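Number 241 in this note's numbering belongs to position 250 of the sequence shown; there are no gaps in the numbering. First comes the structure, then the notes that go with it.
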Amino acid sequence: MGEVGDILETCMLLDQRLADTDDSKNRVDVILEHISLAENKLKVKCPQFRADLEWMNVSRPLTLEQLKGKVVVLDFFTYCCINCLHVLPDLAALEEEFTIQDGVLVIGVHSAKFENEKISSNILSAILRYNIDHPVMNDNEATLWSELMIQCWPTFVVLSPNGNILQFYVGEGHRERLIEFVRTCVIFFNEKSLLSSHDIPLQLEKHKRDNTPLKFPGKVSFSENTIVISDTGHNRVLVLSKEGIVQHCIGGKERGFKDGNFSECRFDSPQGIAVQENLIYVADTENHAIRMIDIQKQEVTTIAGTGKQGNDKAGGNFGTEQELSSPWDIVIGPSPDGQMESVLYIAMAGTHQIWAYFLLDVKWYHGKDYKQGSCVRFAGSGNEENRNNNYPEKAAFAQPSGLTLRHTEQGSFLYVADSESSTIRSVALKDGAVKHVVGGERDPMNLFAYGDKDGKGIDAKLQHPLGVAMVTSSNSLLVADSYNHKLKLVDIGSKQCTTLWGVDREVTLNEPGGVCVDNKKDVAYIADTNNHCIRILNIQDTVITQLPVIFQNNTVDSLTIRLTDILKPGKEPEKYEVINVVPGSEVKVNLMLKLPDKSCVNNEAPSKWTAVIQDDAGSEIFSQTGAIVESSPQGLFSWRLPASSQSKVSVYLKAKVFYCDESKACRMKEKVYLQELNVDNVDAKSEVLFDFSC
């Protein structure tokens, strides 16, 4: 029986032989010969899965014995890695061609790069965010990774129905070769009657998730009167008033790549947003495109990208002729000669570069002129490194994911949240020089210099920052230090990095992905991605509140909570005495939580509330959901009655609380309430209080 090194060497020989032939029959014969050698002679067994590993998307852990009769593709990945995200469509294509009943199964083996990625709940969020529908194990100590001599992410390992190792694929770009190999495996093992159609105990995590108004919001931006959210998990863009009322819902929950009006158009995991008067530019990440939303015309058009991932690292083509690769964030800024709002700068995470899309004709570096609509590489060689250089094409980034601009008398500067190097970098727009600000280390090849440490310059440590915004009042940068679940403030002059909002506060962030700052009001908006909400931070007072997301009945929302989600057949809600409220007033809804003595809320379980408001015609005019916390009374939400409101409004509230009693036993209590409101000035109130007693 051979060793892993033996099969690795044999796989390299197979790749060399296949590189020498394009004839399909010859290729199949070569692969069949290789499979026979690996299965019948080398017989290198895949190590057993550790029994204590945590699994997702299945009802119980899987063993190699359960996989007997299946061709198994192990996908070694880490969810921060853009290359790992790039291969998910390849696996989806494989799963579309072959089902579990056909004898083919994909298993994700999550082997973390960052400490934060070792936590199963964070992996679970990534599974939901990226729509992973196959079993995933948390190889948190990289045990299987080490045993199979894996070197980098992503890596595919193909196993035979007997658990023997057949093939390795390292990196991205192997879709056709992977499917060709698995297709040949199915032929080989079918002929030997070794494939089995038995089921695997799948239990997809997405079927357990509650509906929320937002799903993994990635980025947030604003204009004078509106807030714009990339509702990434719902594949749409929302335009809200500053009070949280949804004015436009652009796109739908289905993935797609389609221009058109707001209801017809489709996005695929949109991220970065830039607002310019009545235009909204969107980094449509998994469509590898830049889209433009015209609010006045209520139309969406594609202005750059083909809809397919590209590998071009130079650019220079126009609009939809220019292929892109996972644009993650965008910002509108000046050209090198100071022509304001003439360039859309793009954090091109997929090629580890900064690109430029020209909104106007501009004069560029080295005497070049570019026409409006052309798209070109600005900075970054395309190598995944933490390399600073005065020449932008010789510098290198590692999955740049957040952008912001700073304007000074000496010129304008672009600041980059470079996630995989865990650094903040600067790019001078006058000459393209790339410099270090905070985080990382001096070795440009070391992308593991991460941590959670306040300090100056290189002594400060971040962990996979995804967002950055300029705070003009303090000449500093607000950083979404995503995998540390923190907000940090970086003084640009001194390069001192300090924690502004940590995990010890009353509100805990969960992998915040984006941040923007309204410098007129000294207020920041934070995309609290894994908490599925937008936070509002008063920078001076360091007070955080949550932005409500209110869908009106004339706004299309494909995922609005319905009254049927609250009321159970045959069970009437607990009714409160009718109260009066003033037309046009703001009504505050609170929950008074009363637990038995020496009991406490179980923070490990999903205690939550869900509210639906109906008008007197029975139409649902508001819905929202949120977490129930220990504090009492807890302010759930505020809702403003329209000035021309109905004569009666009904507020339905469902509260489900998980708590631990004095004996440490965990219990659950659920109640449904109805509070009717008469719209009248007489003896009017402004608050609704629901009393929850266990």
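Positions of the beta carbon are idealized from the N, C-alpha and C atoms, including for glycine. Note that the coordinates shown come from a computational prediction; the quantities given were computed from them, not determined experimentally.
With a threshold of 7 Å on Cβ separation, who are the neighbours of residue i within its own chain once the five nearest residues in sequence on each side are excluded?
| i | result |
| --- | --- |
| E(-6) | V35 |
| G306 | Q313, W346, C366, V367, R368 |
| Q194 | N48, V49, S50 |
| R378 | A386, A387, P435 |
| V547 | Because the pLDDT of V547 is 46, which lies under 50, any placement of that residue in the model is unreliable, and the number read from its coordinates should be weighed accordingly. So the qualifying residues of the chain are C240, S254. |
Nearest to residue i by CA position, among the options, is which residue?
| i | options | result |
| --- | --- | --- |
| D532 | D6, L(-1), V514 | V514 |
| N226 | T276, K676, H455 | T276 |
| G364 | G296, E667, L58 | G296 |
| Y406 | E375, N437, P456 | P456 |
| E24 | T175, P145, A471, F649 | T175 |
| W630 | Q605, M(-8), K647, P624 | Q605 |
| I118 | L135, T69, K660 | T69 |
| L44 | N17, A133, K104, C2 | A133 |
| I170 | L135, L491, V19, S677 | V19 |
| Y441 | A460, S410, V470 | S410 |
| L632 | K645, K589, S677 | S677 |
| D588 | S641, Y650, T555 | Y650 |
| Q262 | F542, D320, C657, E653 | D320 |
| I191 | P564, D124, P624, D674 | D124 |
| E400 | A451, R433, G329 | G329 |
| E497 | V620, E565, T146, I114 | V620 |
| K244 | N269, K233, T203, A265 | T203 |
| N471 | L85, N501, G235 | Residue 471 is actually Ala in this sequence, not Asn. The shortest Cα separation from A471 among L85, N501, G235 belongs to N501. |
Hey, residue i and residue j are a contact pair by Cβ (cut 8 Å); roughly how many whole angstroms apart?
| i | j | result |
| --- | --- | --- |
| F253 | Q289 | 5 Å |
| G324 | L396 | 5 Å |
| S221 | H279 | Not a contact, Cβ separation roughly 15 Å. |
| R684 | K559 | Per the sequence shown, residue 684 should be read as Ser rather than Arg. The pair is not a contact, with the Cβ atoms about 20 Å apart (cut-off 8 Å). |
| G484 | N466 | 6 Å |
| V572 | L668 | 5 Å |
| P383 | G423 | 3 Å |
| A686 | Y643 | What the structure shows of the chain is the stretch from -8 to 685, and residue 686 is not part of that stretch, so it cannot be assessed. |
| Y516 | F40 | About 43 Å separates the two Cβ atoms, so there is no contact after all. |
| S412 | L438 | 5 Å |
| E490 | D445 | One point to set straight first is that residue 490 is Thr, not Glu, in the sequence displayed. Rounded, the Cβ-Cβ distance is 6 Å, consistent with contact. |
| Y474 | Q487 | Y474 to Q487, Cβ: 21 Å. No contact. |
| V425 | A370 | 6 Å |
| I530 | K645 | Not really, about 35 Å apart at Cβ, beyond 8 Å. |
Apart from the five residues on each side of it in sequence, which residues of its chain come closer than 6 Å, Cβ to Cβ, to residue i?
| i | result |
| --- | --- |
| S326 | S333, V334, V353 |
| K249 | C256, R257 |
| V230 | T217, V219, Q238, H239 |
| S303 | As written in the sequence, residue 303 is Asp, which differs from the Ser given in the question. Excluding sequence neighbours, D303 sits near E314. |
| F207 | R120, T223, G224, T520 |
| D81 | R166 |
| V580 | L627, F628, V679 |
| F404 | R397, S417, A419 |
| L65 | I98, V100, V148 |
| T536 | I527 |
| L33 | G(-7), D(-3), I(-2) |
| C2 | Q158, F159 |
| A675 | N571, V572, V573 |
Could you please give me the residues that DSSP links to residue i through a beta bridge?
| i | result |
| --- | --- |
| M659 | F649 |
| L627 | Beta-bridge pairing links L627 to no other residue. |
| A675 | N571 |
| F349 | V334 |
| I98 | L65 |
| A419 | F404 |
| Q615 | A602 |
| S467 | V462, D482 |
| V750 | Here the chain comprises residues numbered -8 to 685, so residue 750 is not present and cannot be evaluated. |
| N521 | DSSP output for N521 lists no bridge partner at all. |
| P261 | D275 |
| R368 | W346 |
| K492 | The sequence shown places Trp at residue 492, not Lys. L478. |
| A117 | In the DSSP output, where bridge partners are listed per residue, A117 has none listed. |
For residue i, which residues in the same chain have their Cβ closer than 8 Å to its Cβ, ignoring the five residues on either side in sequence?
| i | result |
| --- | --- |
| V21 | L5, R8, L9, T12 |
| W136 | F67, V100, S102, D130 |
| N545 | Annotation note: pLDDT 45 at N545 (below 50); position unreliable, coordinate value reported separately. Nothing meets the Cβ criterion. |
Please determine whether the Cβ atom of residue i lies at a distance below 7 Å from any heavy atom of the ligand FAD.
| i | result |
| --- | --- |
| D222 | Of the ligands one can find in the structure shown there are none, so the ligand FAD has no counterpart to examine. |
Can a CB atom of chain C be found closer than 8 Å to the CB of residue i?
| i | result |
| --- | --- |
| E255 | The displayed structure is made up of one protein chain only, and chain C is not part of it. |
* Asked: Any chance the region 52 to 71 sits against the region 95 to 102, with 3 or more Cβ pairs inside 8 Å?
  -> yes
* To do: Count the CB pairs spanning the region 148 to 163 and the region 124 to 133 that are closer than 8 Å, and state whether there are at least three.
  => no
* Are there three or more Cβ pairs, one per stretch, closer than 8 Å when the region 178 to 189 is compared with the region 55 to 70? -> yes
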